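Student:
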Amino acid sequence: MRQAAAPPTRCIARSKATCGRSTRPATASRHGACTRPFSTAPAPRARSESTPLTTTGSGVTVRRTEVNHGPRRLQGPDLRLALHGKPWGRIAIDADRSKRRQGRNYALNQKRWRPFAERGWTSKVQLEAMDIEGIDVAVVYPSRGLFALTIPDMDPRLAAAMARAYNDWLYEFCQENPERLLGAGMISPFDVNDAVAETRRCVREFGFRAMFLRPNEVNGRNWHDPYYEPLWAALEELEVPLGFHEGSGSQLRQVGEQFGANTMLKHIYSHPVEQMLTAGAFCAGGILERHPRLRVAFLEGNCGWVPFLLWRMDEHWEWLGDIYARELTMAPSAYFKRQCFVSVECDEEPVKHVIDAIGDDRIVFSTDFPHGDSKFPRAVESFLSLPISEESKRKILWDNCAAYYGLPS
């Protein structure tokens, strides 16, 4: 039993997809919902008053599940570690891998994740890890999949095909228990028409609860560029939220790349600052003015930056808004408070200052499983010990997540 504090009624957390091989054939519902193909699928665990509900993404309590290795039919022999001599993806983080293996946490993490890795990070493994942590529902985002579409000037047809392949796999992955595993679909930013088509497919055929992008600028276009308007309109029409999720390596421009292979310095800045840039485009760049029903979340970049950024955006809007932001009908912070969500890490004590500044209605929970800085299997326990009210904990663990993902509250 947890000793920290009495958990709220329910909890939803964001979760990473660990690319394991599905043990069931996929049967896509044509009515926009995930359906269980066999009656022998395990029934969802009954929720108790003391068990949090978790989801990967931005809605219910979400837990991240990494994609560690994809289905063999999707793998190719040319798994390059570098493009034009420059390392990318996870390799960019581990460019000096020998140094990292000398760190005190390397052996601890190898031991911690070995039981899951040895079993292939399958959906059964994911569900067992959720049980250990006390999470009922996970909205599943990728880990290694975050690096798939990070090459500048990528062939749009290839990028779209990779997104479709990942989403097909994710649908199969979730079929082990579609009441507990909910999908967040990948979309390619290289062709907006492909992104719109894949969003419609994922929502209507697979019943995915969210779509995601990385926050990095693609081919010189900021997110408030008119080019992306059809995507924002489609997301709004379908009433499906959009989550931005950063990774620590990319061939695209990325905050922190000036630190090269120094993972510590790169990781300090890449996640929160990229999210700040994206939040600025949506709140001060006019996107949320034009799309008042669009829900957006900034995931796994902490939440402590929010009060400062909202203050600074408002201050600059008062100073220069009549020149550069004539379209806005209210302060940038008002758009954030109306339409945006941000995730909090389980031990992020500065969340109390965020609540003081903007309230507790726009914060969702993340366990960061199974990353090296995850607090698994005590993420929920750590969160429950934070110095915030029980009412705020209940909102962050369930109500806000449910509002973001459109789940029953």
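First residue of the sequence shown: 256, per our numbering; consecutive thereafter.
Even for Gly, the Cβ is constructed at its ideal location relative to N, Cα and C.
These figures come from a predicted structure and were not determined experimentally.
1. How long is the line joining the alpha carbons of Glu427 and Met568, rounded to whole angstroms?
2. Let me know if Lys366 comes out buried or exposed under the rule of 16 or more other beta-carbons within 10 Å of its beta-carbon.
3. Can you check whether the CB of Arg464 is closer than 9 Å to the CB of Leu641?
4. Can you give me the start and stop residues for the alpha helix (DSSP H) that Cys601 sits inside?
5. Under DSSP, the alpha helix (DSSP H) around Pro397 begins and ends at which residues?
6. For Pro481, is the classification buried or exposed, using 16 other Cβ atoms within 10 angstroms of its Cβ as the cut-off for buried?
7. In chain order, what residues of the same chain have a beta carbon less than 6 Å from the beta carbon of Ala414, not counting five sequence neighbours either side?
8. Suppose only complete runs of 4+ residues qualify. What are the alpha helix (DSSP H) ranges in the stretch 478-525, listed by chain order?
9. Using only the alpha-carbon positions, how far apart do Val451 and Ala488 sit?
10. When DSSP labels each residue in this structure, what does Met385 get in the three-state scheme?
11. Buried or exposed: Ser664, going by 16 or more other Cβ atoms within 10 Å of its Cβ?
12. Please classify Ala539: does DSSP put it in a helix, a strand, or coil?
13. Pairs of beta-carbons, one from the stretch 578-586 and one from the stretch 541-549, closer than 8 Å: are there three or more?
14. So does the stretch 593-608 actually touch the stretch 552-568, counting three or more Cβ pairs closer than 8 Å?
15. Considering only their Cβ atoms, is the gap separating Lys592 from Gly614 smaller than 9 Å?
16. Between Val447, Gln509, Met466, Phe514, which lies nearest to Tyr421 when the distance is taken from Cα to Cα?
17. Alpha carbon to alpha carbon, how far is Thr377 from Arg581?
18. According to the neighbour-count rule (16 or more other Cβ atoms, all chains shown, within 10 Å of its Cβ), is Tyr660 buried or exposed?
Tutor: So, from the data block:
1. One-based indexing of the sequence shown puts residue 427 at position 172. One-based indexing of the sequence shown puts residue 568 at position 313. Roughly 42 Å between the two C-alpha positions.
2. Residue numbering aside, residue 366 sits at position 111 when the sequence shown is read from its first letter. So Lys366 counts as exposed.
3. On the sequence shown, residue 641 is found 386 positions in, with the first residue counted as 1. On the sequence shown, residue 464 is found 209 positions in, with the first residue counted as 1. No, the Cβ-Cβ distance between Leu641 and Arg464 is not below 9 Å.
4. Position 346 of the sequence shown, counted from the first residue, corresponds to residue 601. Run containing Cys601: none; DSSP gives neither H nor E here.
5. Within the sequence shown, residue 397 is the residue found at index 142, counting from 1. Where Pro397 is concerned, there is no enclosing alpha helix (DSSP H), although the beta strand (DSSP E) it sits in stretches over 393-397.
6. As a working mapping, residue 481 is identified with position 226 in the sequence shown. So Pro481 ends up on the exposed side.
7. Within the sequence shown, the letter at position 159 stands for residue 414. Closer than 6 Å at the Cβ level, and outside the excluded window around Ala414, lie Leu404, Ser443, Phe445.
8. 484-493, all fully within the stretch 478-525.
9. Within the sequence shown, the letter at position 196 stands for residue 451. Within the sequence shown, the letter at position 233 stands for residue 488. A direct Cα-Cα distance of roughly 9 Å separates Val451 from Ala488.
10. Residue mapping note: residue 385 aligns to position 130 of the sequence shown, counting from 1. Reduced to three states, the DSSP call for Met385 is helix.
11. Numbered from 1 along the sequence shown, position 409 holds the residue referred to as residue 664. Result: exposed.
12. Numbered from its first residue, the sequence shown carries residue 539 at position 284. Ala539 falls in the coil class under three-state DSSP.
13. Contact annotation: the stretch 578-586 touches the stretch 541-549, with at least three C-beta pairs closer than 8 Å.
14. Yes, since at least three Cβ pairs between the stretch 593-608 and the stretch 552-568 fall closer than 8 Å, the two stretches touch.
15. Counting from 1 along the sequence shown, the entry for residue 614 is found at position 359. Counting from 1 along the sequence shown, the entry for residue 592 is found at position 337. Yes; because the gap between Cβ atoms is below 9 Å, this pair is in contact.
16. Looking up residue 421 in the sequence shown gives position 166. Of the candidates Val447, Gln509, Met466, Phe514, the residue whose Cα lies closest to the Cα of Tyr421 is Met466.
17. Taking the sequence shown and counting its residues from 1, one reaches residue 377 at position 122. Taking the sequence shown and counting its residues from 1, one reaches residue 581 at position 326. The straight-line gap separating the alpha-carbon atoms of Thr377 and Arg581 is approximately 50 Å.
18. Residue numbering aside, residue 660 sits at position 405 when the sequence shown is read from its first letter. Counting the other CB atoms within 10 Å of its CB gives Tyr660 a total of 16 or more, which places it among the buried residues.
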